[in-house]
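For the sequence shown, position 95 matches number 94 in numbering that gives the first Met the number 0, and the numbering has no gaps at all.
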Amino acid sequence: MDIEAYRREYLASLEAANRTAGSAPVTAQSVASYVDSGERDSTKICEMINAMPLDADEYDVSIRTLLNVAGDETLDASARKAALNKLGAAEFQPSEFADFHAAYIALLRRLAVDPNRDIRIAALDRLTLTGDVEAQKLLREGLENIRKPLVSAAKAIQLLARDDHGGSLSVFRALATEATGQVREQALRALAADQRSVTLFEKIVADKEEKTRIREIAAMNLKGTSIKRFVDAARKLVLDDEEDDRLKAAAVSAIAHTSEAVGKVASKTFVNALENLGSVTKSRALKSSINRLSKALKER
Numbered sequence: 000m001d002i003e004a005y006r007r008e009y010l011a012s013l014e015a016a017n018r019t020a021g022s023a024p025v026t027a028q029s030v031a032s033y034v035d036s037g038e039r040d041s042t043k044i045c046e047m048i049n050a051m052p053l054d055a056d057e058y059d060v061s062i063r064t065l066l067n068v069a070g071d072e073t074l075d076a077s078a079r080k081a082a083l084n085k086l087g088a089a090e091f092q093p094s095e096f097a098d099f100h101a102a103y104i105a106l107l108r109r110l111a112v113d114p115n116r117d118i119r120i121a122a123l124d125r126l127t128l129t130g131d132v133e134a135q136k137l138l139r140e141g142l143e144n145i146r147k148p149l150v151s152a153a154k155a156i157q158l159l160a161r162d163d164h165g166g167s168l169s170v171f172r173a174l175a176t177e178a179t180g181q182v183r184e185q186a187l188r189a190l191a192a193d194q195r196s197v198t199l200f201e202k203i204v205a206d207k208e209e210k211t212r213i214r215e216i217a218a219m220n221l222k223g224t225s226i227k228r229f230v231d232a233a234r235k236l237v238l239d240d241e242e243d244d245r246l247k248a249a250a251v252s253a254i255a256h257t258s259e260a261v262g263k264v265a266s267k268t269f270v271n272a273l274e275n276l277g278s279v280t281k282s283r284a285l286k287s288s289i290n291r292l293s294k295a296l297k298e299r
């Protein structure tokens, strides 16, 4: 979940509060009382939390109630996540939330190792959005088999890839080489801007034994890290009669959308080969990509 998603949740919570304006108001005290009761219906708790306004008069007690609900392992995960979502929405009132920020982060760090998987994911999601080093350490240790993984390897990579400082690149490089399936795909995606992986990208793009999807990702990564080497690899793909049409289409399209790449393929030999390929291929996607590149070449 990203910042925009949290903003939408915040607006949704305001709408929920407005819908209940004509009925008995939901307060932090009423939520706490119901949670402490014997019934504790998860659906009702969620509804009450969503309808509970974060008014200035009761802001402190409301936030404390949400922190307590989110941290209560005896409650159903859905109710706890509702409280976490409300707390996430409250962050969009930074001046009011400032006094509780430290307690909120401390709670999230505790929930990152919660027995419930959904709660762990929700906590780690929020922590990695803030660049929390403790959350990053937990996720890396899971990928490196130093500790029991808290989330799936693919999810851990996705969350760690948010780190602008590249603290997990060495782990991603290893997984992009050694892992399989979705884990390898996510690792490659996380390396999209990694200059040290250019040779790896080239190797994957050229390897016909690799899955087409993996080669596509590597090709796009190569385009983002070395236009010259991408163009060299793409040109070989396009001119190889035995190559996959889907991969050719992706390569040609990528060239067409990058002016620098278009300039590097503007040779008569390549243009003629491209036109010939367009006349014989049965792939509509490849034909479309060739037409797009041909237009870009003519407009130079």
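Glycine included, C-beta positions come from ideal geometry on N, C-alpha and C. Nothing here was measured: the structure is a model prediction, and the numbers come from that model.
By Cβ distance, which residues of its chain are closer than 8 Å to ALA272, with the 5 residues on each side in sequence left out?
-> VAL237, LEU238
Measure the Cβ-Cβ separation of ALA295 and VAL261 and say whether it is below 8 Å.
-> yes
Contact set for ILE120: own chain, Cβ-Cβ below 6 Å, skip 5 residues either direction = VAL150
Candidates THR176, ARG299, ILE289, of which the one nearest ASP244 by Cα | ILE289
To the nearest angstrom, how far is it from the Cα of ALA88 to the Cα of ASN49?
-> 11 Å
With a CB to CB cut of under 7 Å and the five nearest residues on each side skipped, what residues in its chain are close to ILE203?
-> GLU209, ILE213, ARG214, ALA217
GLU241 to LEU83, Cα distance in whole Å?
-> 53 Å
When the cut-off is 8 Å and only beta carbons count, does LYS85 lie next to chain B?
-> Protein chain content of the structure displayed is limited to a single chain, and chain B is not contained in it.
May I have the straight-line CA-CA distance separating SER287 from ALA192, to the nearest angstrom?
-> 28 Å
Can you give me the start and stop residues for the alpha helix (DSSP H) that MET51 sits inside?
-> It is not in any alpha helix (DSSP H) - MET51 carries neither H nor E in the DSSP assignment.
Would you kindly check if the distance between the Cβ of VAL112 and the Cβ of ARG139 is under 8 Å?
-> no
In whole angstroms, what is the alpha-carbon distance linking THR224 and ILE145?
-> 31 Å
Any heavy atom of the ligand HEM within a distance shorter than 7 Å of the CB on VAL150?
-> Ligands are entirely absent from the displayed structure, and the ligand HEM is therefore not among its contents.
Using beta-carbon positions only, say whether LEU292 and ALA255 come within less than 8 Å of one another.
-> yes
Find the nearest neighbour of VAL34 within the set VAL270, ARG299, ALA78, judged by alpha-carbon distance.
-> ALA78
Where VAL251 falls, given that 16 or more other Cβ within 10 Å makes a residue buried | buried
What residue from VAL264, ALA249, MET51, ALA97 has the CA that sits closest to SER282's CA?
-> ALA249
Could you give the DSSP three-state label for GLN194: helix, strand or coil?
-> helix
Using the rule of at least 16 other Cβ atoms within 10 Å of the residue's Cβ for burial, across every protein chain shown, is ASN275 buried or exposed?
-> exposed
What is the DSSP secondary structure of GLY37, counted as helix, strand or coil?
-> coil
Mark THR64 as exposed unless 16 or more other C-beta atoms lie within 10 angstroms of its C-beta, in which case mark it buried.
-> buried
List the endpoints of the continuous alpha helix (DSSP H) containing VAL170.
-> 168–177
For GLY21, is the classification buried or exposed, using 16 other Cβ atoms within 10 angstroms of its Cβ as the cut-off for buried?
-> Unreliable placement is indicated for GLY21, whose pLDDT of 46 sits below 50; the coordinate value is still reported in the next sentence. GLY21 comes out exposed.
In whole angstroms, what is the alpha-carbon distance linking LYS222 and LYS80?
-> 40 Å
Find the nearest neighbour of SER41 within the set LEU74, VAL25, ARG108, judged by alpha-carbon distance.
-> LEU74
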